[in-house]
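Here's the structure we're looking at; comments come further down.
2 protein chains.
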Amino acid sequence: MNINVMDEIKELEKSLGNLSSAQKILLATDGSVTTILDVLKGHINVKTLVQEFRGAEDVQAQELGIDKGDTVNYRAVVMSHDSKEPLIHAISLTPVDKLTNNFKEDLLKADIPIGRILKKYNIESRREVTHIGAEKPDDELKDIFNTDSIMLTRSYNIIYKDAVLIRIKETFPYSLFRE
Amino acid sequence: MNINVMDEIKELEKSLGNLSSAQKILLATDGSVTTILDVLKGHINVKTLVQEFRGAEDVQAQELGIDKGDTVNYRAVVMSHDSKEPLIHAISLTPVDKLTNNFKEDLLKADIPIGRILKKYNIESRREVTHIGAEKPDDELKDIFNTDSIMLTRSYNIIYKDAVLIRIKETFPYSLFRE
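So the sequence lines, in the order shown, correspond to chains A and B. Going by our numbering, the first sequence opens with residue 700, and the numbers climb by one from there. Going by our numbering, the second sequence opens with residue 700, and the numbers climb by one from there.
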């Protein structure tokens, strides 16, 4: 279900203080985040931290519209510019049964941002933001971004042929994209 | 054909000077511009300046993938916040034969941003930016935005079922979205 991104962002600003234009757009957009980072920071690379098949847990199965135990591709990446400054941490869950072979190959080949894969295959889809919020970083995120800053985060679904193709959770420090 | 938005924006910055993050994103995004304006400025309205059926001219027909003379819906609008500050001038061309009745009705009812219409009908689509540039404002644009500022502009297609559903040209002053 779509949330009202405008209201969620207003709420967030009440508790955290003002967000920059870039932060608000990164949390709200239904377009490619890769494209946005490309023009803000220069050509974006992804570094894959984890990529593995997992059986869907209860909540995941519900969110993805599949059965508990169905195979999903779990992928955790860091998007960065020239593998230097880390910009966004992203976790994606993809029910593998739904993928065509070429698309699956590219997704598993890793290190290609999902936005670019969708573009390559001219995929017509829509994105539905389901959560926008702030959270304290765990040790892994502190380590990746080298900061204790509070994190901005959102979750969204990429919908393709009326089903969830990919569910993504993106996280970045409040201290980033301030300009 | 997709252009390389990153390169186009770099070129633009060489001639105009730096663009802000918001400007770069507004020129490059393949997501809903309405959503972006909503979170940057507050709930966006559109005011329709012109809406009429026209026969497609040569170039238009080519761009839209239809025959010369086929009927297109021509719509010129100004997107603004609370009908006050004008933010973006947009011209859209829509081959009317391709539309379903409900969608057509909403489009002709005017005053609903296209991004919201697509969302309402859960349309799965993709956007393909075909031009990014700068141009001098004509008298109408000077009048709408009350400025002589050079204008930033882009054109893009919303593709649905492998055909151009809508072709859009958006224009806004270089002096806007600077923060």
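Ideal Cβ placement from N, Cα and C applies to all residues, glycine included. Computed from a prediction, not measured in an experiment: that's the story for all the values here.
Item: Keeping to the same chain, check which residues put their C-beta closer than 8 Å to that of M705(B); ignore five residues upstream and five downstream.; Value: A727
Item: Shortest alpha-carbon distance to I822(B) belongs to which of I708(B), P836(B), D861(B)?; Value: D861(B)
Item: If we call anything under 9 Å between Cβ atoms a contact, is L792(B) one with R866(B)?; Value: yes
Item: Quick one: Cα of E756(B) to Cα of Y820(A), how far?; Value: 31 Å
Item: Are the stretch 737-746 of chain B and the stretch 703-720 of chain A touching, with three or more C-beta to C-beta distances below 8 Å?; Value: yes
Item: Could you check whether the stretch 764-772 of chain B touches the stretch 746-754 of chain B, counting it as contact only if at least three pairs of C-beta atoms, one from each stretch, sit closer than 8 Å?; Value: yes
Item: Quick one: measure Cβ to Cβ for L811(A) and V732(A), integer angstroms, because I've assumed they're closer than 8 Å.; Value: Looking at the sequence itself, residue 811(A) is Ile, so the reference to Leu does not match. Actually they do not touch by this definition, with Cβ atoms about 14 Å apart.
Item: With distances taken between CB atoms, is the gap from E712(A) to N856(A) smaller than 9 Å?; Value: no
Item: Starting from the beta carbon of N717(A), find every residue of chain B whose beta carbon is closer than 7 Å, and list them in chain order.; Value: Residues of chain B passing the Cβ test: none, with the nearest at roughly 11 Å.
Item: Would you please verify whether the beta carbon of F876(B) is less than 9 Å from any beta carbon of chain A?; Value: yes
Item: In chain B, which residues lie with their C-beta within 9 Å of the C-beta of R825(A)?; Value: L817, K818, N821, I822, E823, S824
Item: Note the first and the last residue of the continuous alpha helix (DSSP H) segment covering V704(B).; Value: 704-715
Item: Would you say I858(B) lies against chain A (beta-carbon separation less than 9 Å)?; Value: yes
Item: Would you list, in chain order, the members of the stretch 774-793 of chain B that have their beta-carbon closer than 9 Å to a beta-carbon of chain A?; Value: none
Item: DSSP three-state call for L807(B): helix, strand or coil?; Value: helix
Item: Would you verify that the beta carbon of L763(A) is, or is not, closer than 9 Å to some beta carbon of chain B?; Value: no
Item: What are the boundary residues of the beta strand (DSSP E) that includes G814(B)?; Value: Here G814(B) belongs to no beta strand (DSSP E); instead the alpha helix (DSSP H) covers 813-819.
Item: Using 9 Å as the limit for Cβ to Cβ distance, is L833(B) near chain A?; Value: The displayed chain sequence assigns Ala, not Leu, to residue 833(B). No - not a single Cβ of chain A is within 9 Å of the one on A833(B).
Item: Could you give the DSSP three-state label for S720(A): helix, strand or coil?; Value: helix
Item: What is the C-beta distance between K723(A) and V777(B), in whole angstroms, given that I count them as a contact (C-beta under 8 Å)?; Value: At roughly 22 Å, the Cβ-Cβ gap does not stay under 8 Å, so K723(A) and V777(B) are not in contact.
Item: The beta strand (DSSP E) with F871(B) in it runs from where to where?; Value: 862-872
Item: Is the Cβ of K797(A) closer than 9 Å to any Cβ of chain B?; Value: no
Item: Among A789(B), F844(B), I831(B), K803(B), which has the Cα closest to the Cα of V749(B)?; Value: A789(B)
Item: Rounded to whole angstroms, what's the CA-CA distance from H830(B) to P872(A)? Just pull it up for me.; Value: 33 Å
Item: Taking Cβ-Cβ distances below 7 Å as the criterion, which residues of the stretch 705-716 of chain A are in contact with chain B?; Value: M705, I708
Item: Looking at the unbroken beta strand (DSSP E) that takes in I831(B), where does it start and where does it end?; Value: 825-834
Item: Check whether the Cβ of T728(B) lies closer than 9 Å to any Cβ atom in chain A.; Value: yes
Item: Please report whether the beta-carbon of T734(A) lies at a distance below 9 Å from any beta-carbon of chain B.; Value: yes
Item: Give every residue of the same chain whose Cβ lies closer than 8 Å to the Cβ of D847(A), excluding the five residues on either side of it in the sequence, and list them in chain order.; Value: P836, K841
Item: Look up E751(A) in the DSSP assignment and say whether it is helix, strand or coil.; Value: strand
Item: Along chain B, in chain order, which residues have C-beta atoms closer than 9 Å to that of D805(A)?; Value: Within 9 Å Cβ-Cβ: nothing; D805(A) doesn't reach chain B, min ~17 Å.
Item: Does the Cβ-Cβ distance between S720(A) and F876(B) come in under 9 Å?; Value: yes
Item: What residue range is occupied by the uninterrupted beta strand (DSSP E) comprising V777(B)?; Value: 770-780
Item: Can you pull the chain A residues whose beta carbon is under 8 Å from the beta carbon of L739(B), in chain order?; Value: S720, K723, I724
Item: Taking the continuous alpha helix (DSSP H) assigned at T846(B), which residues delimit it?; Value: It is not in any alpha helix (DSSP H) - T846(B) carries neither H nor E in the DSSP assignment.
Item: Starting from T734(A) and walking both ways along the beta strand (DSSP E), at which residues does that stretch end?; Value: Run containing T734(A): none in the beta strand (DSSP E); it sits in the alpha helix (DSSP H), 732-740.
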